[in-house]
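Working notes, beginning with the structure itself.
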Amino acid sequence: MAIRRDAFDDTLRRRGIPPEAVERARALSEKQGVSLRRAVVGTEGVDPKATAQALSELSGLPVLESIDPEHVDPELVRTLPLGIARDRRVLPLWVSGDELVVAIGDLSALPVLDALRLRHALPVRPVLVPTDILVTATNATYDKAAKSATQILSDVDEDGVRSADDDLSLEDAELLDDPNHAPIIRFVNALLSQAIKERASDIHIEPFEKDLVVRFRIDGVMHERHRPPFKLRNPIVSRIKIMAGLNIAEKRLPQDGRIRRKMGGREIDLRVSTVPVRHGERVVMRILEKGTVFSLDQIGMEGDTLTTFRKVIRKPHGILLVSGPTGSGKSTTLYSAISEINEPDINILTIEDPVEYEVAGIGQVQVNQKIDLTFASALRSFLRQDPDVILVGEIRDRETAENAVQASLTGHMVFSTIHTNDAAGAFARLTDMGVEPFLVASSLAGVLAQRLVRRLCPHCKRPYTPTDEELVDLGLSRADIAGHTIYEAVGCEECQQVGYKGRLGIYEFLPAWDDVKTLVIANADAGKVKKKAVELGMRTLRDDGFRKVMNGMTSLDEVMRVTQIDTVENEG
Numbered sequence: 018m019a020i021r022r023d024a025f026d027d028t029l030r031r032r033g034i035p036p037e038a039v040e041r042a043r044a045l046s047e048k049q050g051v052s053l054r055r056a057v058v059g060t061e062g063v064d065p066k067a068t069a070q071a072l073s074e075l076s077g078l079p080v081l082e083s084i085d086p087e088h089v090d091p092e093l094v095r096t097l098p099l100g101i102a103r104d105r106r107v108l109p110l111w112v113s114g115d116e117l118v119v120a121i122g123d124l125s126a127l128p129v130l131d132a133l134r135l136r137h138a139l140p141v142r143p144v145l146v147p148t149d150i151l152v153t154a155t156n157a158t159y160d161k162a163a164k165s166a167t168q169i170l171s172d173v174d175e176d177g178v179r180s181a182d183d184d185l186s187l188e189d190a191e192l193l194d195d196p197n198h199a200p201i202i203r204f205v206n207a208l209l210s211q212a213i214k215e216r217a218s219d220i221h222i223e224p225f226e227k228d229l230v231v232r233f234r235i236d237g238v239m240h241e242r243h244r245p246p247f248k249l250r251n252p253i254v255s256r257i258k259i260m261a262g263l264n265i266a267e268k269r270l271p272q273d274g275r276i277r278r279k280m281g282g283r284e285i286d287l288r289v290s291t292v293p294v295r296h297g298e299r300v301v302m303r304i305l306e307k308g309t310v311f312s313l314d315q316i317g318m319e320g321d322t323l324t325t326f327r328k329v330i331r332k333p334h335g336i337l338l339v340s341g342p343t344g345s346g347k348s349t350t351l352y353s354a355i356s357e358i359n360e361p362d363i364n365i366l367t368i369e370d371p372v373e374y375e376v377a378g379i380g381q382v383q384v385n386q387k388i389d390l391t392f393a394s395a396l397r398s399f400l401r402q403d404p405d406v407i408l409v410g411e412i413r414d415r416e417t418a419e420n421a422v423q424a425s426l427t428g429h430m431v432f433s434t435i436h437t438n439d440a441a442g443a444f445a446r447l448t449d450m451g452v453e454p455f456l457v458a459s460s461l462a463g464v465l466a467q468r469l470v471r472r473l474c475p476h477c478k479r480p481y482t483p484t485d486e487e488l489v490d491l492g493l494s495r496a497d498i499a500g501h502t503i504y505e506a507v508g509c510e511e512c513q514q515v516g517y518k519g520r521l522g523i524y525e526f527l528p529a530w531d532d533v534k535t536l537v538i539a540n541a542d543a544g545k546v547k548k549k550a551v552e553l554g555m556r557t558l559r560d561d562g563f564r565k566v567m568n569g570m571t572s573l574d575e576v577m578r579v580t581q582i583d584t585v586e587n588e589g
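Below, the structure is given as C-alpha cells:
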C-alpha cells in the first residue's frame, strides 16, 4: 500500500506533531535512505500514537491502542521468528472468527502478512499499533511464548528421543543429524537462556547411577533446576560438545572449550569443561558476559579501605596480592583495579589461566602448559616488554613467586592472587614457598583478602532483632547495633523465594606498614601479623561484613556463613 510522502507529512502536522519534529524525521529519512514512516519512529517530539492515527487515516486500517500479552496466542507467536517480528514490526495476536488478527507498527510489514496468511491458511486482518506499545508487547509475548527447559523435556518424553545407549552402532554425527534429536537442541538452548535470566554463574550437568541432574550456581549457591531423563545424558553432552567445538567421540578424557552466543542482545561467553565420571560425562559451563564494565566503585569496597587500596594500586613498584578461595571475586577485583589505572601512558600486561574477560588497551596472554608457557616463564619474558604493570593470574609456586619479587624490585608493579584465608596469611605463604622473609617484606605493597556475600533482596527483606544469645555468638553487644536496623532474608517472586539477589564483596586490606614488615622479617606467624595489623587499624573480613549488615545490604547469617572458617581458625 503506497502512501505519498507529502501526504504523510501533512497528516502528521494535522495530528499535532510539531513542524520541527517532522523536519528532523524528514532529514533522518533522507540521510539513512528510509521512508519517512520509518524515520519518525523514535524521533524526539513525535508521538507514536499520533503516528499510528496518521497511518490509519491514510490507509484505512484500524488502530489498536493497547495489547495484553496474556490474550496473545503463544502458538501463533512461535510461527514467526523474533528477528522478523522486531525488524518488520509485526506481531500475530489471535484468531477472531475465521480471521488471523495481526498487529503492525508500519505499513512495510504488509508483505509479512502474506506469509502468515499462507502459513495459517486464514485471511489476515492487520491492525495498526503505536510502535512503543508494539515493542513492549513483542518482548513480553515472545518471552512468555518461549518454551521453558521443563516444557521441552515434557515434549521429549511425549515424542521420544533415541538414546545413544539404545543403539550401540549409532554414530555421533548421525546422532546430531537425526531429526528426532531436535528437542535436545531446543532443551540446551532453553537451558542457557534460563541460566542467563536467573543470573547463574555456572551450569552443572551431573550424571549419577540412575539420575541426570542439572544445577545452577546463583550468587555462589547451588540450586537444582532440572532432572532430565537419564537416557538423554549422552545426547545433551554431545550437543554441548558440538557447540563448544570439542571432540564428541572422545569420552574418556577431560576436555575444555568455549561457546560464544548472542542472547537477548547480550554477548555471552561460556567456558565449557567436561570430565568423565563413573556414569557418563560431567559438564560445567561457566557463564561470562562480554563487555562487562569493571569498576572499584561497584564491587562493594568502600570507605578507608577503598581509599587506601586506590593509593596502593598506583604505586610505581611493589606486589599487590588478592587472596581468597575460588569464587570469591578475586579476578573481578583485579580487573577493576587495572581498568582504573589503564591509561595511554601505562603499559599493562597480563598472564592468565584462562583469559576470562578482554580489556581494551591491555596485552593479555593465556597460559599454555603444552608449550611451557607458564606464569613463571611469561613473567620472565614480560620484563623484556617494557611493562609498567604486570598482572599474574596466580602465584602458586616458588619460581613464580621469586620472579614476581624480582619484577617488583626492578621497578614494576605486580598484581596477583594467592590462596590464603586472610590477608596476614599471604606473607607466611610466600615465605613457605621459599622466598626470603626480607624480600617478602621489601616487595609486598599490600594484601587484600575478600569474600562474597549475598545481597538482601530489596523487595522482601524485613527488619529483625537479634537475640542476646545470637549477639554473644557473633561477638557483638546490643550497643554495637544501636541506631541501626538489622534485616533478615524472607523470599519473594523477585528473588525466586531465596531472599537474596546479587552479591557484593567484604574486604580485609593489609597495607605493608613498617611494623608489619618488622614482624615479617622476624618470621612471625600469621596470627601475630594479623593482631598487629588490627591494632594499626585494619578492618577484618567480619568487621567489614558487619558494617554492611548495619547498612542493610546483607544479613548476619550471610556474614557468619562466609567468615565462619576464619573465625574457627583464629580461635584454634
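561 is the number that the working numbering gives to position 544 of the sequence shown; each next residue is one higher, with no gaps. A virtual CB, placed ideally from N, CA and C, is assigned to each residue, including glycine.
Kindly indicate if chain D contains any beta-carbon less than 8 Å away from that of residue i.
{"i": "A499", "result": "This model lacks chain D altogether, as it is built from one protein chain only."}
By how many angstroms is the C-alpha of residue j removed from the C-alpha of residue i?
{"i": "L209", "j": "G341", "result": "29 Å"}
{"i": "D123", "j": "A212", "result": "35 Å"}
{"i": "V238", "j": "S572", "result": "16 Å"}
{"i": "E14", "j": "E419", "result": "Residue 14 cannot be examined here, being either before or after the span of the chain that is shown, 18 to 589."}
{"i": "S83", "j": "Y517", "result": "35 Å"}
{"i": "S312", "j": "A377", "result": "14 Å"}
{"i": "V294", "j": "G500", "result": "54 Å"}
{"i": "V384", "j": "D370", "result": "5 Å"}
{"i": "T484", "j": "D273", "result": "49 Å"}
{"i": "I523", "j": "R556", "result": "10 Å"}
{"i": "V507", "j": "V515", "result": "7 Å"}
{"i": "I503", "j": "E306", "result": "33 Å"}
{"i": "V579", "j": "D228", "result": "31 Å"}
{"i": "T325", "j": "D532", "result": "17 Å"}
{"i": "L527", "j": "I235", "result": "30 Å"}
{"i": "G569", "j": "S218", "result": "24 Å"}
{"i": "R106", "j": "G114", "result": "24 Å"}
{"i": "V289", "j": "L270", "result": "14 Å"}
{"i": "R495", "j": "R564", "result": "15 Å"}
{"i": "I316", "j": "F204", "result": "34 Å"}
{"i": "R216", "j": "L337", "result": "30 Å"}
{"i": "E287", "j": "P79", "result": "Correcting the residue type first, residue 287 is Leu in the shown sequence and not Glu. Roughly 46 Å between the two C-alpha positions."}
{"i": "H476", "j": "L521", "result": "17 Å"}
{"i": "T309", "j": "S353", "result": "10 Å"}
{"i": "H436", "j": "E223", "result": "27 Å"}
{"i": "P361", "j": "D403", "result": "14 Å"}
{"i": "D414", "j": "M450", "result": "6 Å"}
Tell me, to the nearest whole angstrom, how far the beta carbon of residue i is from that of residue j; I am working on the premise that it is less than 8 Å.
{"i": "K347", "j": "T434", "result": "5 Å"}
{"i": "L400", "j": "I368", "result": "Not quite, the Cβ-Cβ distance comes to about 12 Å (not below 8 Å), so this is no contact."}
{"i": "F392", "j": "T417", "result": "5 Å"}
{"i": "I407", "j": "L366", "result": "5 Å"}
{"i": "I355", "j": "R331", "result": "That pair is no contact at about 11 Å."}
{"i": "V141", "j": "L130", "result": "5 Å"}
{"i": "V576", "j": "R559", "result": "7 Å"}
{"i": "I202", "j": "R256", "result": "6 Å"}
{"i": "V409", "j": "V431", "result": "6 Å"}
So, at 6 Å on beta carbons, what are the nonlocal neighbours of residue i in its own chain, with the 5 sequence-adjacent residues on each side left out?
{"i": "H137", "result": "L117"}
{"i": "H221", "result": "R232, V301"}
{"i": "R597", "result": "Given a span of 18 to 589 for the chain in the structure shown, any question on residue 597 remains unanswerable."}
{"i": "G428", "result": "H334"}
Should residue i go down as buried or exposed, given a rule of 16 or more other Cβ atoms within 10 Å for buried?
{"i": "F455", "result": "exposed"}
{"i": "E375", "result": "exposed"}
{"i": "T96", "result": "exposed"}
{"i": "G442", "result": "buried"}
{"i": "E191", "result": "Residue confidence for E191 is low, a pLDDT of 40 falling below 50, so the modelled location carries little weight; the figure read from the coordinates is stated next. Burial call: exposed."}
{"i": "R479", "result": "exposed"}
{"i": "V537", "result": "buried"}
{"i": "P143", "result": "buried"}
{"i": "T535", "result": "exposed"}
{"i": "S345", "result": "buried"}
Give me, in chain order, the residues of the same chain whose beta-carbon lies closer than 7 Å to that of residue i; leave out the 5 immediate sequence neighbours on both sides.
{"i": "T155", "result": "A102, R103, L108"}
{"i": "D184", "result": "Unreliable placement is indicated for D184, whose pLDDT of 38 sits below 50; the coordinate value is still reported in the next sentence. Here the set comprises nothing."}
{"i": "I379", "result": "I355, N359, I365, T367"}
If I measure Cβ to Cβ from residue i and keep anything under 8 Å in the same chain, skipping five residues before and after, which residues do I get?
{"i": "Y159", "result": "V94, L99, A102"}
{"i": "N264", "result": "K258, Q272"}
{"i": "I498", "result": "P483, L488, M567"}
Any heavy atom of the ligand GDP inside 7 Å of the beta-carbon of residue i?
{"i": "I523", "result": "Of the ligands one can find in the structure shown there are none, so the ligand GDP has no counterpart to examine."}
**Message:** If we require 3 or more residues per run, which beta strand (DSSP E) segments fall completely within the stretch 189-276?
**Reply:** Inside the stretch 189-276, DSSP marks whole beta strand (DSSP E) runs of 3 or more residues at positions 217-224, 229-235, 238-243, from first to last along the chain.
**Request:** Quick one: which unbroken alpha helix (DSSP H) runs of 4-plus residues sit fully inside the stretch 525-573? Chain order, please.
**Result:** Listed in chain order, they are 531-538, 543-552, 558-567.
**Request:** With a floor of 3 residues, list each beta strand (DSSP E) that falls wholly inside the stretch 455-490, ordered by position along the chain.
**Result:** Counting whole runs of 3 or more residues, the stretch 455-490 contains the beta strand (DSSP E) stretches 461-473.
**Prompt:** Quick one: complete beta strand (DSSP E) runs, 3+ long, within the stretch 102-129?
**Reply:** Correct list: 107-113, 116-121.
**Asked** Which ranges would you report for the beta strand (DSSP E) in the stretch 297-336 if only whole runs of at least 3 residues count?
**Response** DSSP runs (the beta strand (DSSP E)) wholly in the stretch 297-336: 297-306.
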